[in-house]
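Asker: I am attaching a structure below and will ask some questions about it afterwards.
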Amino acid sequence: MRILRRLAYWLRLSSHHADLVNEVEFHRAMVEEDLLRRGMSPAAARIEARRTMGNDTVMREEARAVWLWPSLEALWQDATYTMRDLRRNPTFTIGVTLTLALGIGANAAMFSLIDRLLFRPPAFMVDPSTVHRVYMYRTSQGQERGTGGQYARYADLARYSTTFSQIAGVSLEGLAVGIGEATRVRNVAVVSAAFFAFFDAPPALGRYFTASEDAPPEPAPVAVLSHELWTTQYGAHRDVLGATLRIDAVQYTIIGVAPEGFVGLWPYRPPVAFVPLATYARSEGPPDWATTYGHSFGIDAIVRRKPDVMIVQASADLTNALRRSYQTQYQGDAAGAPLDRLRPRAVAASVLAERGPEPSRALRPARWLAGVTVIVLLIAAANVANLLLARAVRRRREIAVRLALGVSRRRLFGQLLTEGVILALMGGAAGIALAVWGGRVLGATFLPDTEPVSIMTDARTIAFSGLVALGVGLLTGMAPMAQLARTSLVADLKSGPREGTQGRSRLRTSLLLLQSALSVVLLVGAGLFVQSLRNVRNVRLGFEPDSVLVVELAMRDVRLDSAATVALRLRLLEAAKGVPGVSHASLRESIPFGGMSSYPLRVEGIDSVRSLGDFHFNAVSAEHFAVMGTRILRGRGFEPTDRGETRLVLVVGQSMANVLWPGQDPIGRCVRVGLDSLLPCRYVVGVAEDIHSESIEPEPKLFFYYMPALQWKPQEGGLFVRTRVGPTVTAEPLRRALQREMPGTAFVTVTPLGNIVSAKMRSWIVGATLFTAFGVLALVLAAVGLYSVIAYNVTQRKHELGVRLALGAGRMRVVRIVVAESVRFALAGVMIGSVVAWVAASSIGPLLFDQSPRDVVVFGAVTAVIVCVAVVASWVPALRAAGLDPKTALQAE
Amino acid sequence: MPPTTPAELLPGTLDLLILRTLVRGPNHGYGVAQRVRELSRDVFQVGESSLYPALQRLTLNGYVKAEWGVSDNNRRARYYTLTPAGRKQLAAEEREFERIVAAIRLVLELA
Numbered sequence: 007m008r009i010l011r012r013l014a015y016w017l018r019l020s021s022h023h024a025d026l027v028n029e030v031e032f033h034r035a036m037v038e039e040d041l042l043r044r045g046m047s048p049a050a051a052r053i054e055a056r057r058t059m060g061n062d063t064v065m066r067e068e069a070r071a072v073w074l075w076p077s078l079e080a081l082w083q084d085a086t087y088t089m090r091d092l093r094r095n096p097t098f099t100i101g102v103t104l105t106l107a108l109g110i111g112a113n114a115a116m117f118s119l120i121d122r123l124l125f126r127p128p129a130f131m132v133d134p135s136t137v138h139r140v141y142m143y144r145t146s147q148g149q150e151r152g153t154g155g156q157y158a159r160y161a162d163l164a165r166y167s168t169t170f171s172q173i174a175g176v177s178l179e180g181l182a183v184g185i186g187e188a189t190r191v192r193n194v195a196v197v198s199a200a201f202f203a204f205f206d207a208p209p210a211l212g213r214y215f216t217a218s219e220d221a222p223p224e225p226a227p228v229a230v231l232s233h234e235l236w237t238t239q240y241g242a243h244r245d246v247l248g249a250t251l252r253i254d255a256v257q258y259t260i261i262g263v264a265p266e267g268f269v270g271l272w273p274y275r276p277p278v279a280f281v282p283l284a285t286y287a288r289s290e291g292p293p294d295w296a297t298t299y300g301h302s303f304g305i306d307a308i309v310r311r312k313p314d315v316m317i318v319q320a321s322a323d324l325t326n327a328l329r330r331s332y333q334t335q336y337q338g339d340a341a342g343a344p345l346d347r348l349r350p351r352a353v354a355a356s357v358l359a360e361r362g363p364e365p366s367r368a369l370r371p372a373r374w375l376a377g378v379t380v381i382v383l384l385i386a387a388a389n390v391a392n393l394l395l396a397r398a399v400r401r402r403r404e405i406a407v408r409l410a411l412g413v414s415r416r417r418l419f420g421q422l423l424t425e426g427v428i429l430a431l432m433g434g435a436a437g438i439a440l441a442v443w444g445g446r447v448l449g450a451t452f453l454p455d456t457e458p459v460s461i462m463t464d465a466r467t468i469a470f471s472g473l474v475a476l477g478v479g480l481l482t483g484m485a486p487m488a489q490l491a492r493t494s495l496v497a498d499l500k501s502g503p504r505e506g507t508q509g510r511s512r513l514r515t516s517l518l519l520l521q522s523a524l525s526v527v528l529l530v531g532a533g534l535f536v537q538s539l540r541n542v543r544n545v546r547l548g549f550e551p552d553s554v555l556v557v558e559l560a561m562r563d564v565r566l567d568s569a570a571t572v573a574l575r576l577r578l579l580e581a582a583k584g585v586p587g588v589s590h591a592s593l594r595e596s597i598p599f600g601g602m603s604s605y606p607l608r609v610e611g612i613d614s615v616r617s618l619g620d621f622h623f624n625a626v627s628a629e630h631f632a633v634m635g636t637r638i639l640r641g642r643g644f645e646p647t648d649r650g651e652t653r654l655v656l657v658v659g660q661s662m663a664n665v666l667w668p669g670q671d672p673i674g675r676c677v678r679v680g681l682d683s684l685l686p687c688r689y690v691v692g693v694a695e696d697i698h699s700e701s702i703e704p705e706p707k708l709f710f711y712y713m714p715a716l717q718w719k720p721q722e723g724g725l726f727v728r729t730r731v732g733p734t735v736t737a738e739p740l741r742r743a744l745q746r747e748m749p750g751t752a753f754v755t756v757t758p759l760g761n762i763v764s765a766k767m768r769s770w771i772v773g774a775t776l777f778t779a780f781g782v783l784a785l786v787l788a789a790v791g792l793y794s795v796i797a798y799n800v801t802q803r804k805h806e807l808g809v810r811l812a813l814g815a816g817r818m819r820v821v822r823i824v825v826a827e828s829v830r831f832a833l834a835g836v837m838i839g840s841v842v843a844w845v846a847a848s849s850i851g852p853l854l855f856d857q858s859p860r861d862v863v864v865f866g867a868v869t870a871v872i873v874c875v876a877v878v879a880s881w882v883p884a885l886r887a888a889g890l891d892p893k894t895a896l897q898a899e
Numbered sequence: 136m137p138p139t140t141p142a143e144l145l146p147g148t149l150d151l152l153i154l155r156t157l158v159r160g161p162n163h164g165y166g167v168a169q170r171v172r173e174l175s176r177d178v179f180q181v182g183e184s185s186l187y188p189a190l191q192r193l194t195l196n197g198y199v200k201a202e203w204g205v206s207d208n209n210r211r212a213r214y215y216t217l218t219p220a221g222r223k224q225l226a227a228e229e230r231e232f233e234r235i236v237a238a239i240r241l242v243l244e245l246a
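Protein chains in written order, with our numbering: chain R, 7 to 899; chain S, 136 to 246.
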C-alpha cells in the first residue's frame, strides 16, 4: 500500500510540491493574522511570522523526504564520496577493477557461450518449448546406434505421426554457392516448406517456398536468400527476385529474402540461403531419392507438439511412426518384420542440437569450465574483499572519527557497501569488454568454423554480467562491514595510525586461504589436462596427419562416366605430384576420422568374420603408405602394377592379421570382400601397422585393411598428398594446380588432414588450453592477493620489526620472518586445495586421456609453483621491512 | 495564567497528538498546531518543521487524508481527515502510551 501511495505521489510530483508550498503559505498567513490580532504592526507581524516559520525550504524538503526513499539521497552522497575517494587512489582502483574484470569477464564469456548452446531458443521461433528435434535409434549387433537422415524416413515420420501440429525436415549443408572464381563453400539450409511456419519471421522481400514446391516427384528449384547474403552480394536490391543462384548442381530461382537476423536453427553457422528439402534431395540423391531408405541426406526432423501432448507421448508417437516406417521398408521382405531385432526408438529432445538427447562431447568440458570460471570469480572476489578490508583497516581512525561525530553505523555500512558495488560495476563494465575478446576466443575454441557473435549487443549476457557484478559488489562490500562491526570506537580513536600489532584478522586470513586453495585446485586441473593432452598427442595414430593434405572432389552437375572419372583422378594424381613441395601423392577412397567404408568379408576357415569385430578399409594407390607415413611391417605395400587386370591383392593391419590368422603367416592368404563365396580371392601381400580410423581412444574391435584403388572402385574418392614444406604452404598452390584439371563447374577442396584429426582431439585441447589459461589467471590473482596482504602486514608490524632490528636482528632474519609468513599461508592453501582436488579427482577422470587424476607429480609441481609464487610475492615487502630504520620505526610511537 | 515554558515532546508522541486532535473533525495544519498548544496549555508548541513532515508521514501511512477546503476566514486551506485506519492506529498508540506512562509512574512511585 505504501509503495502504491509512493508511486502515486511520484506520478504527481509537481502538484504535490505546489500543495506543500500553498499549505505552508497558509500557515504563515494564519500566524501573521494572529500576530496582527494581538496588536503587532503589519510590517513587524510579517517579519515575525516569517521568523517563527524558520527555514521553510528545509522544512519543505523534510516533508517531501517522507515520501521519497530517504536512502536514495544518502546513496547519491555515498556514491559521490566513493568516486572522489577512488579517484584519489588510482592504483587501488585500477587493481580492483582489473581483478574483477578478469573474474566477471571470464564468466560473461562463458555464460554467453553456454547460454547460446544450451538455453537460448532459436531467434524468431514461436513457442520454442513445444518444438523438438527428433532423434532416431535402431539396434544392430546388440548395439543401439543413431539412424535416420533419409528422405523417405522423414516422409514416413510426417505421415505416420499424429501428435504434432507441425513437422519439418532440416539439414545444414556446406555447399558450393555461385559459379566460377566466386564459388565458395557456404552454409545452406535445406528445409521443408513447413520449416518457416515454426517461426514468426515474415520474409523481408518476396515469399518463402510452398509445400507444393517442396514435393516429390518434381520439386521446384527455388531459393530464399538470407538477409546477409542479400545485402552483401546483391546490394539489397529489390530486383533480386527472379534472379538465379547456382548452389551445387542446381540453378535456383530466388523467390524471397529472409528477414534480418533470421538464421533458422543455426546461429553459429548462419546459412546464406534456404532451399527446399525435396529439391536438394533430388539433385544429390539417386533416381529413387524420395522412396529409398538406402541413401541418407542427413535430414533431421523438427516437430511441434499439439497442445496437451506431453513429451513422453510425443516420443512414443515418434517411435510408433518409426516402427511403421520400418514395416513399410521391409514389406515383402522374405526375412519378415525385423522389428524385434532393430528395436527402433525415437526421442523428442530439445530443439537445440548441442543439447541433444545427451550432451555433445564438446559440451562436457564446457560444463567443467563453467565451474572453473566461477572459481576464478570467487578468487577475484576474495581478492577484492581482502583489498577492501585492508583499506577499511587503514581507514580505521577516519571511520572512528566519523562514528564519534555521530554518523550512524548503518550509514557507514551503506557507504562501504556502495563502495563495493561501484567497484564491482566498474569491474563488470571492464569485464564485458574483456568478454568480447574472450568470447571470441572461447567460440573459436569450442565451435571452430563458426561466426563470432557479439556480446556487446547481447542483452542477456550484459544482464548476467551486471547481476554478477552486483552480487560480487555486495559480497565484497560486506567484508569490511564484518570487520567494522567488531571494532571498538574508543580503542580505534586512541590508536594512532602507526599503532602496531593488531591481531591479524581471521576473515582476511581465511579469504587468503580460500584464494590459494582455489588456485591450487585450478592449477592441479590445468596440470592434469596438459598431461592428458600430451598423452593424446603422443598416441601413435598409425599415420602422420601433420604433413598430409586431403583433396576432395565436388563434381556438382558435371556427369562423367566411370572411365572418364578414373582418367580425371589419375590426371589429378600426376598434377599433384608436379606441385613444388609435394613429395608423394596417392589415390584414396575414404579418410581416417572422416567416416571409413566397411564391407562384409569371407575368410576360409572362419564362420563369421563379422562376429570378430568391424573391418574398415581404404582403397588406395601405390605410395599411399609413404604419403601417410604408415609403416609396412611385413611383405610389401602397393605397387603401380597392382591394377585391375593383375592379381587381386590386399594389405591388412597388424591386428587384423592377428585376429584372422593367429600365430600364422598372413602373407598369401585369401580374403573375399563381399559375402558371395564365388567372389575372387584377394591375396594378402603385406601387413601394415594399425591405424586409428575413428577415434584417438583405443579401438579394440576395429580392424583395418587396404585394397589397391584400381582393383576396387577406381572412380570413387580423392587424393592424399604429402608435403615436405608444411600443409599450409602447399595447400593453395596445390588447389590451383588441381583446379586447372577440373571440368566445368566441378571443383576441388584441399584440407590439411591435421584439421580433421584435431577436431577429434578438440575436447582435450579445449580442456588443456582453457584450464591452463584460467589456472594461470588464478595464480596471478592469488599472487596479487598474497602480495597485498603481506605488504599490509609488514606495514602493521613496522613497530615490532623495528624493535627486532633495534635489538640486533639481522636484515636477513627479518626477510625470513616475512617470507616465512607468506609461505605458511601458501602451504596451508596448498593443503586445503590438494584435499579438494584429490576428492574432485574422480569426477574429472573421464575427461582425461590415459592420465590418472591423482598424479602425484602434478600435485607436487603445483605445490612447488605456489611456494615459489609465495616467496616472490613476499619478496618486495620483505625487503622493505628489512630496510626499515629502527630509529624511525620506534620514534613514530 | 502563569507563563509556561514549552516542553520537549516525548519522541513519537507528535503523531499521537495530531491523530487525537483530528478525532473532533477535519482540521488544517495550523489548526492542529493551535489545538495542541491550547489543549496542552502552551506546554507543547508544535513547530512547523516537525508538524508538516509528520502530517506527510501520516498521509503516506494512510492514517489521514488531505483535501483542499476553505477555512473559517475564507482562505484556501488543506484539511486533514482521520481515516478508519488512522482511528485504529490512534487507539493502538493511545494504549501504548498509557502503558508507558503507567510504567514510568510505577517506577517513580516505587523506586
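Beta carbons are placed, not taken as given, at the ideal position from N, Cα and C, and that holds for glycine.
Keep in mind it's a predicted model, so treat the numbers as computed, not measured.
Under three-state DSSP, which class holds Val693 (chain R)?
Answerer: Position 687 of the first sequence, counted from the start, is the residue given in the question as residue 693 (chain R). In this structure, Val693 (chain R) counts as strand in the three-state DSSP scheme.
Asker: Can you check whether the C-beta of Leu193 (chain S) is within less than 7 Å of a C-beta belonging to chain R?
Answerer: The count along the second sequence starts at 1 and reaches residue 193 (chain S) at position 58. Not closer than 7 Å to any Cβ of chain R, the Cβ of Leu193 (chain S) fails to qualify, so no.
Asker: How long is the line joining the alpha carbons of Thr189 (chain R) and Val183 (chain R), rounded to whole angstroms?
Answerer: On the first sequence, position 183 is the one that residue 189 (chain R) refers to. On the first sequence, position 177 is the one that residue 183 (chain R) refers to. If you take the alpha carbons of Thr189 (chain R) and Val183 (chain R), they lie about 6 Å apart.
Asker: Closer than 7 Å, CB to CB, is Glu183 (chain S) near chain R or not?
Answerer: On the second sequence, residue 183 (chain S) is found 48 positions in, with the first residue counted as 1. So, interface residue.
Asker: Report the residue from R:Leu375, R:Thr379 and R:Ala85 whose alpha carbon sits nearest the alpha carbon of Arg417 (chain R).
Answerer: Sequence index remark: in the first sequence, residue 417 (chain R) carries index 411 (1-based). It is R:Ala85 whose Cα lies nearest to the Cα of Arg417 (chain R).
Asker: Short of 6 Å in beta carbon distance, which residues of its chain neighbour Ala884 (chain R), apart from the five on each side in sequence? Order them along the chain.
Answerer: The residue you call residue 884 (chain R) lines up with position 878 of the first sequence. The residues are Val821, Val824 and Val825.
Asker: Spell out the partners DSSP gives Gln156 (chain R) in its beta bridges.
Answerer: Locating residue 156 (chain R) in the first sequence gives position 150, where the first residue counts as 1. In the DSSP output, where bridge partners are listed per residue, Gln156 (chain R) has R:Ser302.
Asker: DSSP has Gly212 (chain R) in a bridge; who is on the other side?
Answerer: The residue labelled residue 212 (chain R) in the question sits at position 206 within the first sequence. Partner(s): R:Gly262.
Asker: What's the C-alpha gap between Val37 (chain R) and Gly164 (chain S)?
Answerer: Here residue 37 (chain R) refers to the residue found at position 31 when the first sequence is read from its first residue. Here residue 164 (chain S) refers to the residue found at position 29 when the second sequence is read from its first residue. When rounded, the distance between both Cα atoms is 12 Å.
Asker: Checking contacts by CB at 7 Å: is Ala888 (chain R) closer than that to chain S?
Answerer: Stepping through the first sequence from its first residue, residue 888 (chain R) is reached at position 882. Not closer than 7 Å to any Cβ of chain S, the Cβ of Ala888 (chain R) fails to qualify, so no.
Asker: Quick test of the definition: if touching needs 3 or more C-beta pairs under 8 Å, does the region 463-482 of chain R touch the region 108-128 of chain R?
Answerer: Touching, yes, given that three or more Cβ pairs across the two stretches are closer than 8 Å.
Asker: In the DSSP output, which residue or residues are listed as bridge partners for Ile253 (chain R)?
Answerer: As a position in the first sequence, residue 253 (chain R) is number 247, starting the count at 1. BP columns for Ile253 (chain R) point to R:Val183 and R:Val256.
Asker: Does any residue of chain R bring its CB to less than 7 Å from the CB of Gly160 (chain S)?
Answerer: Here residue 160 (chain S) corresponds to residue number 25 of the second sequence, with the count starting at 1. Cβ-Cβ to chain R under 7 Å: no for Gly160 (chain S).
Asker: Can you name the residues of chain S whose CB is closer than 9 Å to the CB of Glu68 (chain R)?
Answerer: As a working mapping, residue 68 (chain R) is identified with position 62 in the first sequence. Those are Ser184, Ser185, Tyr187, Pro188 and Gln191, listed as they occur along chain S.
Asker: Can you tell me the Cβ-Cβ gap for Gly449 (chain R) and Leu119 (chain R), rounded? I've got them flagged as a contact below 8 Å.
Answerer: In the first sequence, counting from the first residue as 1, residue 449 (chain R) sits at position 443. In the first sequence, counting from the first residue as 1, residue 119 (chain R) sits at position 113. Indeed they touch by this definition, with Cβ atoms about 7 Å apart.
Asker: Could one say the Cβ of Ala33 (chain R) lies closer than 7 Å to chain S's Cβ atoms, at least one of them?
Answerer: For this step, residue 33 (chain R) is matched to residue 27 along the first sequence. A small correction: the amino acid at residue 33 (chain R) is His; Ala does not occupy that position in the sequence shown. Taking Cβ atoms only, chain S reaches closer than 7 Å to His33 (chain R), which makes this a yes.
Asker: Considering only DSSP beta bridges, list what Tyr215 (chain S) is partnered with.
Answerer: Here residue 215 (chain S) refers to the residue found at position 80 of the second sequence. Paired residues: S:Asn162 and S:Ala201.
Asker: So, with DSSP's three-state summary, where would you put Phe170 (chain R)?
Answerer: For this step, residue 170 (chain R) is matched to residue 164 along the first sequence. In the structure shown, Phe170 (chain R) sits in a strand (DSSP, three-state: E or B).
Asker: Buried or exposed, going by whether 16 or more other CB atoms sit within 10 Å of the CB of Pro503 (chain R)?
Answerer: For the purposes of this step, residue 503 (chain R) is taken as the residue at position 497 of the first sequence. For Pro503 (chain R), the predicted structure reports a pLDDT of 46, less than 50, and the residue's modelled location is therefore unreliable. A value from the coordinates is still provided. Result: exposed.
Asker: Using 7 Å as the limit for Cβ to Cβ distance, is Arg403 (chain R) near chain S?
Answerer: The sequence position of residue 403 (chain R) within the first sequence is 397, counting from 1. Answer no: the Cβ-Cβ gap between Arg403 (chain R) and chain S never drops below 7 Å.
Asker: Please classify Gly479 (chain R) as buried or exposed, where buried requires at least 16 neighbouring CB atoms within 10 angstroms.
Answerer: One-based indexing of the first sequence puts residue 479 (chain R) at position 473. Result: buried.
Asker: Could you name the residues of the region 196-217 of chain S whose beta carbon sits closer than 9 Å to any beta carbon of chain R, in the order they occur along the chain?
Answerer: From the region 196-217 of chain S, only Asn196, Gly197, Ala201, Trp203, Ser206, Asn208, Arg210, Arg211, Ala212 and Arg213 have a Cβ closer than 9 Å to chain R.
Asker: Who are the Cβ neighbours of Pro892 (chain R) in its own chain at under 7 Å, not counting the five residues just before and after it?
Answerer: Counting from one through the first sequence, the residue named residue 892 (chain R) turns up at place 886. Excluding positions up to five away in sequence, the list reads Gly808, Leu811 and Ala812.
Asker: Suppose the cutoff is 6 Å on Cβ atoms and the five residues either side in sequence are ignored; what does the same chain contact list for Ala436 (chain R) look like?
Answerer: Walking along the first sequence from the start, residue 436 (chain R) turns up at place 430. Cβ within range, chain order: Thr103 and Ala107.
Asker: Where does His243 (chain R) land, buried or exposed, given buried means 16+ other C-beta within 10 angstroms?
Answerer: As a position in the first sequence, residue 243 (chain R) is number 237, starting the count at 1. Exposed, by the Cβ-count rule.
Asker: In whole angstroms, give me the CA-to-CA distance for Pro859 (chain R) and Trp844 (chain R).
Answerer: The count along the first sequence starts at 1 and reaches residue 859 (chain R) at position 853. The count along the first sequence starts at 1 and reaches residue 844 (chain R) at position 838. Their Cα atoms are separated by approximately 8 Å.
Asker: For Ala537 (chain R), which residues in the same chain have their Cβ closer than 6 Å to its Cβ, ignoring the five residues on either side in sequence?
Answerer: What you label residue 537 (chain R) is simply residue 531 of the first sequence in a count that begins at 1. With the sequence shown as reference, residue 537 (chain R) is identified as Gln, and Ala is not the correct amino acid for it. Counting only Cβ-Cβ distances below 6 Å, and skipping sequence neighbours, we find Gln857.
Asker: Going by Cα to Cα distance, which pick from R:Arg93, R:Val655, R:Gly212 and R:Val609 is closest to Ser627 (chain R)?
Answerer: As a position in the first sequence, residue 627 (chain R) is number 621, starting the count at 1. Comparing Cα positions, the closest option is R:Val655.
Asker: Quick one: complete alpha helix (DSSP H) runs, 4+ long, within the region 860-884 of chain R?
Answerer: The region 860-884 of chain R contains no whole alpha helix (DSSP H) run of 4 or more residues.
Asker: By Cβ distance, which residues of its chain are closer than 7 Å to Gly212 (chain R), with the 5 residues on each side in sequence left out?
Answerer: Indexing the first sequence from 1 puts residue 212 (chain R) at position 206. Taken in chain order, the residues that qualify are Leu247, Ile261, Gly262 and Val263.
Asker: Going along the chain, which residues of its own chain have a beta-carbon closer than 7 Å to the beta-carbon of Ser177 (chain R), five neighbours each way excluded?
Answerer: Here residue 177 (chain R) refers to the residue found at position 171 of the first sequence. Cβ within range, chain order: Val196, Phe303, Gly304, Ile305 and Asp306.
Asker: Could you confirm whether any beta carbon from chain S is found closer than 7 Å to the beta carbon of Gly60 (chain R)?
Answerer: Here residue 60 (chain R) is taken as the residue at index 54 of the first sequence, counted from 1. Yes, Gly60 (chain R) lies at the interface with chain S (some Cβ there is under 7 Å from its Cβ).
Asker: Would you mind sorting Leu174 (chain S) into buried or exposed? The rule is 16 or more other CB atoms within 10 Å of its CB.
Answerer: To locate residue 174 (chain S), count along the second sequence from 1; it is residue 39. Result: exposed.
Asker: According to DSSP, Gly659 (chain R) sits in a beta bridge with which residue or residues?
Answerer: Start at 1 with the first residue of the first sequence, and residue 659 (chain R) comes out as number 653. The partner list for Gly659 (chain R) (beta bridge, DSSP) reads R:Ala694.
Asker: Taking Cβ-Cβ distances below 9 Å as the criterion, which residues of the region 29-56 of chain R are in contact with chain S?
Answerer: Here the close residues are Glu29, Val30, Phe32, His33, Arg34, Ala35, Met36, Val37, Glu39 and Asp40.
Asker: Indicate the three-state DSSP secondary structure (helix, strand or coil) for Arg504 (chain R) in the structure shown.
Answerer: Against the first sequence, residue 504 (chain R) aligns to sequence position 498. Bear in mind that the predicted position of Arg504 (chain R) carries a pLDDT of just 47, short of 50, making it unreliable; the figure below should be weighed with that in mind. If DSSP states are grouped into helix, strand and coil, Arg504 (chain R) belongs with coil.
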